[in-house]
Each structure stands twice: as structure tokens, then as C-alpha cells.
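In what follows, a single structure is set out as C-alpha cells and then discussed.
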Amino acid sequence: MAGFRQRAQAGVDIAMVAHPSVTVFVDLSDGDSLVHDADGRRECGSTVVGLVPGDLRLGGRTAGGIECLQIRLSPALAGAVFGASTDLSGTVVSLEDVWGRDAGRTEERLRAAASWDERFTIAADVLGRRMSARPSLDPEVAAAWRLMRSSRGRVRVDSLANEVGWSRKRLWSRFRSQIGLTPKHAARLVRFDHAAHLLAAGDAAARVAAESGYTDQAHLHREVKAFTGVTPTAVAAAPWLAIDDVAWPASCASPRQDDQPVSRVSMR
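Quick note, this note's numbering runs 1 ahead of the 1-based positions in the sequence shown.
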């Protein structure tokens, strides 16, 4: 989790970069929208952004500025919190649509909180209660996701199936239904995320391609274009990734396992 506040005098318009998580933006400001796309479509209020959402931007300009709580959930956890990660893949929906009336009550509690730490505690409590009330993923699917993250996407589907003791067909089917992406697409997303953060850290594209397991620099270029629509040079300068380095510095160095504590950072 991370808390963000942008003062009124400076508007915000930040392109999102695909990340191997489902992202929740709890809108704590008085603005009319927080997430919008290139065509001008806007999602007002608190929003859930699914995996590989496409051309989306975070921002706006309001009299009181922008203030929001950003929560990242691995797709393994998102399935338990929201009940249907597949329905969220590639989509943007309002928090109320997936949380129901509890969304409004949670927003009120977060707005009334006296500090970011109190907000983090409230959010963690709400998420914990929702997770405990819903069935978890198949252990094999959860294990496949952990292996995918720990290998930074450099793992074959056949190897994943062998590791969890399933056939390739069964793993494909169950992973797709519970995570929201096929195993191959999910591995590509995880590998891209690692490469994007290396680019943002200033590493040369050729070195990033080699370290991330791409065939060559052209292969890296194609994957970056596929996930972002822009070149590796543009991704390297993306403000979204610069925010990541401040809000989740540990996760940029190594993938966080799903059972490790979340980061809690406030930014102004």
C-alpha cells in the first residue's frame, strides 16, 4: 500500500505501466475522476484496475488536489478479495461494483482517519476480513504463481506443470480461471515488469534484454511495445516507475512473495 497526495496547484497526469498485480485506488479527494484513458473515458471515485489494463492514466486537477490510497494485490490475493480475478483482467471497474456497500463504508473510515498509518491499518483489516471470508486459490495455482514471480517470468509452462504435479492442459485451465491470464501471458507480464524497472533504473536496453531473458534487444522492444504501446526509452522515463522506486523500493530489487508484509509508504 502507498498513500499519495498532490497539491491543487499542480495537476497530475501519469501514464500507468502494466504491473503483475490488480491495483485498487481508493479516492480520498473531492475530484470528479481519478482514472481516465486516452479516449477521455473516466472512472469516477475509487477504482479497481485489472491486470494488463491498456492505455490508462492516473490524475486530474481539482480544487483541493488529489489524494488516494493505492493498494496492489497479487492476482492470487485479488481472487480471494474480489472473488473473480478473471472478470477484472484488462478492465477498470468502480470499487463499489466489486465490494458493494462495504466500499462506501470503507471510504468513510479512511477519510476520517487522522494519519496515513491509520489508513493503512484500516485497509489491511478490511482486506484481511474479505480474504478470510472467501475460498482461496487451488494450492497448485498459488504455487505456480510463486514460481513465476521468483523466476521473474523465466519459466516454461511445462516446467510449472511438472512442479505442481498437473498436466499442462489442467494448469492452463485452472490458472486462467483463477488468475485471469494464461500462464504464458502471466509469465510475459512478470518478465516485462522486471525489465521495465531495470530500464527505469538506467540500465541499457541491451543489458536489460540479456538479464531479463529476452532473445535480443529487438525482442525486448516488441514486448515493451506490446504491454505499453511505447518504446523502451519512453518506459525508462515513465513517472509511474519512478513512483514505484520510492513507494516500493524493495519490490523493485526482488519480487515480494505473497505471504510477506506489504509496504506502507506515504508520499506528498
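No residue lacks a Cβ here, since even glycine has one placed at the ideal position from N, Cα and C.
In angstroms with no decimal places, state the Cα-to-Cα distance between residue i and residue j.
i, j, result
"residue 180", "residue 80", "7 Å"
"residue 226", "residue 216", "16 Å"
"residue 18", "residue 239", "8 Å"
"residue 206", "residue 244", "21 Å"
"residue 24", "residue 163", "31 Å"
"residue 56", "residue 118", "31 Å"
"residue 232", "residue 134", "43 Å"
"residue 103", "residue 219", "47 Å"
"residue 198", "residue 209", "9 Å"
"residue 46", "residue 229", "24 Å"
"residue 120", "residue 114", "6 Å"
"residue 20", "residue 75", "10 Å"
"residue 211", "residue 204", "11 Å"
"residue 269", "residue 241", "Unreliable positioning characterises residue 269 in this predicted model, as indicated by a pLDDT of 43, which lies under 50. The coordinate reading is nonetheless provided below. Going from the Cα of residue 269 to the Cα of residue 241 covers about 15 Å."
"residue 38", "residue 48", "13 Å"
"residue 1", "residue 165", "With the chain covering only 2 through 269, there is no way to say anything about residue 1."
"residue 263", "residue 126", "Low confidence applies to residue 263: its pLDDT is 46, below 50, so where it sits in the model is not reliable, and the reading given next is rough at best. Approximately 13 Å between the Cα atoms of the pair."
"residue 221", "residue 105", "42 Å"
"residue 257", "residue 98", "With a pLDDT of 40 at residue 257, under the threshold of 50, the modelled position of that residue is not reliable, and the figure given next carries that caveat. Each residue's Cα considered, the two are about 28 Å apart."
"residue 234", "residue 92", "26 Å"
"residue 58", "residue 140", "35 Å"
Since residue i is in the beta strand (DSSP E), which residue starts that stretch and which ends it?
i, result
"residue 6", "3-7"
"residue 94", "93-95"
"residue 155", "Element bounds for residue 155: n/a, residue is neither H nor E."
"residue 231", "Residue 231 -> no beta strand (DSSP E), and no H or E assigned at all."
"residue 49", "48-50"
"residue 1", "Not covered by the structure: residue 1. The range shown for the chain is 2 to 269."
"residue 38", "36-38"
Tell me which residue opens and which closes the alpha helix (DSSP H) that residue i is part of.
i, result
"residue 174", "169-180"
"residue 103", "102-113"
"residue 191", "184-201"
"residue 148", "140-151"
"residue 126", "117-133"
"residue 20", "Residue 20 -> no alpha helix (DSSP H), and no H or E assigned at all."
"residue 53", "Looking at the DSSP string, residue 53 is not in any alpha helix (DSSP H), and its letter there is neither H nor E."
"residue 210", "206-213"
Which residue from the options puts its Cα closest to that of residue i?
i, options, result
"residue 176", "205, 144, 56, 195", "144"
"residue 195", "207, 186, 213", "213"
"residue 51", "95, 35, 189", "95"
"residue 15", "35, 114, 27", "35"
"residue 116", "188, 127, 22, 68", "68"
"residue 185", "155, 209, 58", "155"
"residue 131", "83, 222, 178, 141", "83"
"residue 150", "189, 208, 201, 122", "189"
"residue 2", "92, 233, 123", "123"
"residue 72", "203, 209, 218, 128", "128"
"residue 27", "183, 38, 100", "100"
"residue 5", "229, 211, 60", "60"
"residue 224", "140, 97, 53", "53"
"residue 108", "211, 203, 31", "31"
"residue 142", "234, 178, 126", "178"
"residue 70", "92, 98, 7, 93", "7"
"residue 22", "202, 235, 187", "187"
If residue i sits next to residue j, beta carbons under 8 Å apart, how far is it from one beta carbon to the other, in whole angstroms?
i, j, result
"residue 110", "residue 29", "Not really, about 11 Å apart at Cβ, beyond 8 Å."
"residue 138", "residue 77", "5 Å"
"residue 192", "residue 153", "6 Å"
"residue 200", "residue 90", "That pair is no contact at about 24 Å."
Could you tell me whether the segment 168-183 touches the segment 145-160, where touching means 3 or more Cβ pairs closer than 8 Å?
-> Put simply, the segment 168-183 touches the segment 145-160. At least three CB pairs are less than 8 Å apart.
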